[in-house]
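> Take this structure first; my questions come after.
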Amino acid sequence: MSPLAKIQSVLAKPFMPAVCFLSGVTYDTLTLTRIDRLLDNLILLLYLVLLGALIVLTGRLGVERPSDHAKLASYSRLTRWVLESRPYYPMASQFLLGGLFSAYAIFYSRSATFTGTAVFFALLIMLLVANEFLRDRLSNLRLLIGLYAVVCFAFFTFFLPVITGFMNSIIFVIGAMLSVAVVLRVAQLIYRNNPDRSRREAIGMTVPASALIGLLVGFYFLNWIPPVPLSFKFGGIYHDVKRAGDQFELAFEKEWYEIWKRSDTTYPANTPIYCFTGVFAPVDLNTTIYHHWYFRPNSDKPFTHADKIPIKISGGREGGYRAYSFKQGLDPGDWRVDIEASDGRIVGRVSVTVVEQGEKQPTLATVSY
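Anchor point for the sequence shown: position 319 equals 329 in this note's numbering, and the numbering is continuous, going up by one each time.
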């Protein structure tokens, strides 16, 4: 058996799709470090361009191998290669979609919290897994264009803030409009001067994709999309925060056996309290985040607004921009601090239970960040 035949035999094994899927996700997790890394973004942009080209070729040529070998021989080598590769278009589209969804799942996971912002992240995970079973359906133009609309939208959502240095609703809407324009351009290339395709069919392909982008814009205004490119690196409640050179020294209660503890989980009432956080932002992105304090006297009550403190941050630091807010003497009960982007989406959350202060003096430890 030739080496090529052996490779084909191994790839045909039923467990290989799962192996390739897990290997790809693991590789992306280890190599996709920063959302503002130029090389990573250029690779994702290349994937989008190649996927768009494949969709155009699929729409204009189909995925059936050409049968007129005499006519095929009259074409140039490049044209023959493009035509003979038609049966592999769905496989190539699946590879590119898998790479895009995997990268997006990693980037969005760093900004998603267990709140409404997890909705879009969950959608990306479902599409990432579903993509492994879609190879036989990726010759369907309506499905391809719909998936292309999602990957374009997910890319421009974080890419425009990275390159412009601004993060607000206007930039988000521009990204959505750019996604629609790219999808319409791909459809135009499929149907332009194509006698096998009708204008009515073109509308039927693009309207659902455009409506899908409109639905995702609605997700944004419902705060269901993670606030990429911001991500929550660190956060906790402390007795004291002091600057020591390039580090912050954070004081919190800790017994000798609590080796895992990095911040306060309970806190004495009527004592000064600090909420310290680290939020990553890309280089050149300057924005405002908020420490939004909420309170409830017990678990039977809903959380209510207590205070909202604005903090200006700048991007570039690997561990995130470090900042803290300070409160004086909280009432006993459950407290939480939502770290919010300027548009209200939640970047992270810190919780603490405030209790009546006992007679015993707490033992304080410090951690540097």
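In this text, a Cβ means the ideal position worked out from N, Cα and C, and glycines have one as well.
Hey, could you find the ends of the alpha helix (DSSP H) Asp-50 is sitting in?
Per DSSP, Asp-50 belongs to the alpha helix (DSSP H) from 48-71.
> Are the CB atoms of Gly-62 and Val-196 nearer to each other than 7 Å?
Contact: yes.
> Let's test the definition: count the other Cβ atoms within 10 Å of the Cβ of Gly-224 and tell me whether it reaches 16, buried, or not, exposed.
So Gly-224 counts as exposed.
> Name the DSSP bridge partner or partners of Phe-305?
Thr-314, Trp-345, per the DSSP bridge assignment.
> Going by beta carbon distance, what residues of the same chain come within less than 7 Å of Lys-370, once the five residues before and after it are set aside?
Contacts found: none.
> Checking the sheet assignment: what are the DSSP bridge partners for Thr-297?
Answer is Ile-323.
> Suppose the cutoff is 8 Å on Cβ atoms and the five residues either side in sequence are ignored; what does the same chain contact list for Ser-324 look like?
So the qualifying residues of the chain are Ala-291, Leu-295, Asn-296, Tyr-331.
> Let me know the secondary structure DSSP gives Arg-5 once reduced to three states.
Since the first and last residues shown for the chain are 11 and 379, residue 5 lies out of range.
> Enumerated in chain order, which unbroken segments of the alpha helix (DSSP H) with a length of 4 residues or greater are wholly contained in the segment 148-206?
Correct list: 151-174, 179-201.
> Would Gly-288 count as contacting chain C if we go by Cβ distances under 7 Å?
No chain C appears in this structure, which consists of one protein chain only.
> Anyone know if the C-beta pair for Ala-164 and Pro-236 falls short of 7 Å?
No, Cβ-Cβ distance for Ala-164 and Pro-236 is not below 7 Å.
> How would you call Ile-299, buried or exposed, if buried means at least 16 neighbouring beta carbons within 10 angstroms?
Label assigned to Ile-299: buried.
> Once DSSP output is grouped into helix, strand and coil, what is the label at Ala-128?
The answer is helix: DSSP assigns Ala-128 an H, G or I state.
> On the DSSP letters alone, give me the boundaries of the alpha helix (DSSP H) that Ile-223 sits inside.
Element bounds for Ile-223: 209-231.
> If the criterion is Cβ atoms closer than 7 Å, does the pair Asp-380 and Thr-363 meet it?
Nothing about residue 380 can be read from this structure; the chain reaches only from 11 to 379.
> How would you call Pro-205, buried or exposed, if buried means at least 16 neighbouring beta carbons within 10 angstroms?
By the neighbour-count rule (16 or more Cβ atoms within 10 Å), Pro-205 is not buried but exposed.
> Thr-43: which of Ser-241, Ala-261, Phe-313 sits nearest, CA to CA?
Among Ser-241, Ala-261, Phe-313, the Cα nearest to that of Thr-43 is on Ser-241.
> Candidates Val-66, Glu-350, Tyr-99, Thr-281: which alpha carbon is nearest Glu-366's?
Ranking Val-66, Glu-350, Tyr-99, Thr-281 by Cα distance to Glu-366 puts Thr-281 first.
> When you compare only the Cα positions, how much space is there between Ser-352 and Ile-283?
Approximately 24 Å between the Cα atoms of the pair.
> Should Phe-336 be labelled buried (16 or more other beta-carbon atoms within 10 Å of its own) or exposed?
Exposed.
> Work out the CA separation of Leu-222 and Leu-157 for me, nearest whole Å.
Computed Cα separation, rounded: 10 Å.
> Are the CB atoms of Phe-130 and Trp-234 nearer to each other than 7 Å?
In this structure, Trp-234 lies closer than 7 Å to Phe-130 by Cβ.
> Could you give the DSSP three-state label for Gly-358: helix, strand or coil?
Here Gly-358 sits in strand by DSSP.
> With 16 as the cutoff for other CB atoms within 10 Å, does Ala-254 come out buried or exposed?
Exposed, by the Cβ-count rule.
> Which stretch, first to last residue, makes up the alpha helix (DSSP H) that contains Ala-113?
Its alpha helix (DSSP H) spans residues 99-119.
> Please state whether DSSP places Leu-240 in a helix, a strand or coil.
Leu-240 falls in the coil class under three-state DSSP.
> Specify the secondary structure class of Ile-135 as computed by DSSP and reduced to three states.
Three-state result, Ile-135: helix.
> Beta-carbon within less than 8 Å of Arg-145's beta-carbon, same chain only, minus the 5 sequence neighbours each way: which residues are those?
Contacts found: Pro-100, Met-101, Gln-104.
> Flag this pair as yes or no: are the beta carbons of Met-215 and Arg-120 separated by less than 7 Å?
No; because the gap between Cβ atoms is not below 7 Å, this pair is not in contact.
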